[in-house]
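Some notes on the structure that comes next.
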Amino acid sequence: MVGVAGRSKGCKTCRDRKIKCDETRPGCIRCQKIGKNCPGYARPIHFVYSSQQKGSPITWEEAPTTTTIESCQLQLVVANGVPKKGKNSKGRQGGVIRSDVYVSSSTPCVMQNTPLNNSIPINKTEVYVNVYVQDFIHVSAPYRSVFKTAMVPYRFGHLYATHFRSGDSPEIRKELEDAFASCATTYFALKERDVNSKIQGHILYLKLLRQLKNYVKNGLANSDPAVFLYTCMMAAHYEILTSSSALTWLYHLAALGRLILSLGPYAFHDPLAGAILEVVRPYIIMNGMLERKRSFLEHEDWISIPAQYYPGGKSCWNRLIDIACPFPRLVEDGYALSQNITREAGSLHVQNCLDQAQKLLAWRREWNETHGQEPYTYIIPSTSIPYLSAKDEQGPLFDTIFWFENVSISTTVYQYNVYILILVFHLTKFIPWFELCFGKHDPLTEKLKQAIGSFEVELVCREIARSVDYQRAPEFKHGSTGVYFGVKVAYDFIGPNSRLGRFFEKAVIDSPLMRRTGGTAAEDLLKPWYGPAPPTEEQIFMIQEERLRKATLESEVEEPPQQQPMMELGYVLGDFVV
């Protein structure tokens, strides 16, 4: 916890002299009158770690020469769980406030500047990192039998940098370890509800931000982009862990995508940089679809990068993400089409979407031929899972559910179904508009309906639902944000009026992200734009009136002009007839 002795808000000189300070910024007038330079209003901060076991606490105190980040830039917010004591209480002796880990969450907040020269004892850091690695890195490690040497993490940011860079200098290695430790410590604090660990995680996070500032200031971002990107990625991951907003983490991912774009594709030949790119690519695509803005990842120079550092070519996961890179552009084009629906633009957009769908179907056929269902995917009785979630008051939704050899395979198949569902949902939104603008029996409308019917969307949604239990297993920490994005898409498509739809709604509401953000309905998580809303009565009347007007004009133009009968020449010329 953070404690500050005394109640005065005056400068250090006035506090030492025990006189009232006028608190003028940046320096008080009293100091100027006595000919002294006002030392300012910053106070030393004392951090005390009190273990759950009875024993002497370990104390970290601010050194006199410590530089702090100004309060106008960054501030540390921690819960002040110290109970109020009487005037004669000894709780403030030595200027240090001690607290146990069972701190009330309803207590007020104290905001103070945070020193960045504090470090966690080595044994505590090892505990934090070991717990984090055990929970995430091991289950998302590469599986060479299926994915060659591809790193397919199923959680954002869970890359252990030291696995990729063994020849770094001690200074660089320490920076990478500190960046990882900031998230590991925070994760441990959230998992164990340890307030002291949360404070230390925030201290490391501020240190991480200071490193980023130095990278930009000294030009190290271009000289070693992998270290710079890894630090940025862990900063964004910290925000994902601690953010109370359902969209803040997406803003950080969008900023990380802009940093990747600024470095250029040739900066990702480094193994660590390449692994970071593969981790971030699905989230950049998802953010582009939410913002209806095309992504730079669909350019050929970015798609061709991974093959240069993956021996043996791209994995199935890499190729799936390559196919999904144009999705933000398709959503952007669809939004432009919804503003002005024409036959030419509609036909082109439908064809582009169907081309991507055919690529996805070809990918799935290749997956089935290469890996098949066994031994990587298992179908087991749904009643054999004690923590089964695919059930309601009527019992299990399915007789069997999918189980997988590892989470990488599950994520790959799951993400394929999500991409198919997004495409079909997007095209489905245009059917009422095409029927209204072109007619129900128009060739373009008929083509769109036939294409949507061929995808068997009900089976796709059921496959997503049958995979959720594996993703929500306790050993995988009950799912990731990417998992619930797919569940949200399925819920939006199915709706809440069926058993399957209510299951998807329950899965979204029970997600850790919803609990952290305080959402109470499935609509509170993410609100993607799938396509135009159905036409209103006013829009239907206006479009029908416009179609009738155009039909009337066309009929008038097509009518041949009536020819006047030829009059006799003598009558026309009159007296001039010869």
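Mapping the sequence shown onto our numbering, position 317 (from 1) lands on 317, and the numbers just tick up by one. The beta-carbon is built from N, C-alpha and C at its ideal position, and this holds for glycine as well.
Could you tell me how far apart the beta carbons of residue i and residue j are, in whole angstroms, since I believe they sit closer than 8 Å?
i	j	result
Leu620	Phe430	With the chain covering 1 to 578 only, the question about residue 620 has no answer from this structure.
Ile464	Thr428	The Cβ separation is near 17 Å, so there is no contact.
Asp399	Arg499	Rounded, the Cβ-Cβ distance is 14 Å, inconsistent with contact.
Thr186	Lys198	6 Å
Gln356	Leu330	7 Å
Trp317	Thr377	Not a contact, Cβ separation roughly 15 Å.
Tyr470	Phe404	6 Å
Gly167	Ser182	Contact doesn't hold; Cβ gap of about 24 Å is too wide.
Val460	Ile494	Val460 to Ile494, Cβ: 11 Å. No contact.
Ser332	Arg292	Sequence inspection shows Glu at residue 332; the Ser mentioned does not correspond to that position. About 5 Å; that satisfies the 8 Å criterion.
Val468	Lys488	12 Å between Cβ atoms; not a contact.
Phe434	Leu444	6 Å
Arg15	Asp22	Incorrect: roughly 13 Å between the Cβ atoms, too far for contact.
Gly10	Lys20	7 Å
Ala630	Leu204	This structure cannot settle anything about residue 630, because the visible part of the chain is limited to 1 through 578.
Cys437	Ile305	Contact flag wrong, Cβ pair sits at about 42 Å.
Ile172	Val227	6 Å
On the DSSP bridge assignment, give the partners of residue i in chain order.
i	result
Thr377	Phe404
Gly395	Asp392
Given that a residue counts as buried once 16 or more other Cβ atoms are within 10 Å of its Cβ, and exposed if not, what is residue i?
i	result
Ile240	buried
Met289	buried
Ser169	exposed
Asn368	exposed
Pro225	buried
Pro534	exposed
Leu320	buried
Arg258	exposed
Glu278	buried
Leu548	exposed
Lys294	The sequence shown places Arg at residue 294, rather than the Lys named in the question. By the 10 Å Cβ count, Arg294 comes out buried.
Thr383	exposed
Pro328	buried
His269	exposed
Arg281	buried
Pro57	At Pro57 the pLDDT is 35, less than 50, meaning the model places this residue with poor confidence and gives no usable figure here.
Gln339	exposed
Arg622	Residue 622 is absent from the model: the chain starts at 1 and stops at 578.
Leu397	buried
Ser408	buried
Gln358	exposed
Ser410	buried
Asn196	buried
His441	exposed
Asn417	buried
Gln415	buried
Ile401	buried
Ser315	buried
Leu250	buried
Ala551	exposed
(Q) With three or more beta-carbon pairs closer than 8 Å as the criterion, would you say the region 227 to 243 touches the region 203 to 211? (A) Yes, since at least three Cβ pairs between the region 227 to 243 and the region 203 to 211 fall closer than 8 Å, the two stretches touch.
**Q.** Entirely enclosed alpha helix (DSSP H) segments - the region 179 to 260, minimum 4 residues
**A.** Counting only unbroken stretches of 4 or more residues, the alpha helix (DSSP H) elements lying wholly within the region 179 to 260 are 195 to 218, 220 to 223 and 225 to 242, in sequence order.
Q: May I ask you to verify whether the region 318 to 325 touches the region 283 to 296, counting CB pairs closer than 8 Å and requiring at least 3?
A: Yes, the region 318 to 325 is in contact with the region 283 to 296.
(Q) Could you check whether the region 286 to 305 touches the region 262 to 269, counting it as contact only if at least three pairs of C-beta atoms, one from each stretch, sit closer than 8 Å? (A) The way I'd put it, the region 286 to 305 does touch the region 262 to 269; three or more beta-carbon pairs between them come closer than 8 Å.
Q: Examine the Cβ distances between the region 454 to 474 and the region 488 to 506 and report whether three or more of them are shorter than 8 Å.
A: Inter-segment contact for the region 454 to 474 and the region 488 to 506 is present: three or more beta-carbon pairs are separated by less than 8 Å.
(Q) Runs of 4 residues minimum, wholly inside the region 416 to 504: which ones carry the alpha helix (DSSP H) assignment? (A) Counting only runs of 4 or more, we get 431 to 438, 443 to 453, 457 to 471 and 481 to 494.
Q.
Could you tell me which whole alpha helix (DSSP H) segments of length 4 or greater appear in the region 281 to 320?
A. Within the region 281 to 320, the complete alpha helix (DSSP H) runs of at least 4 residues are 300 to 303.
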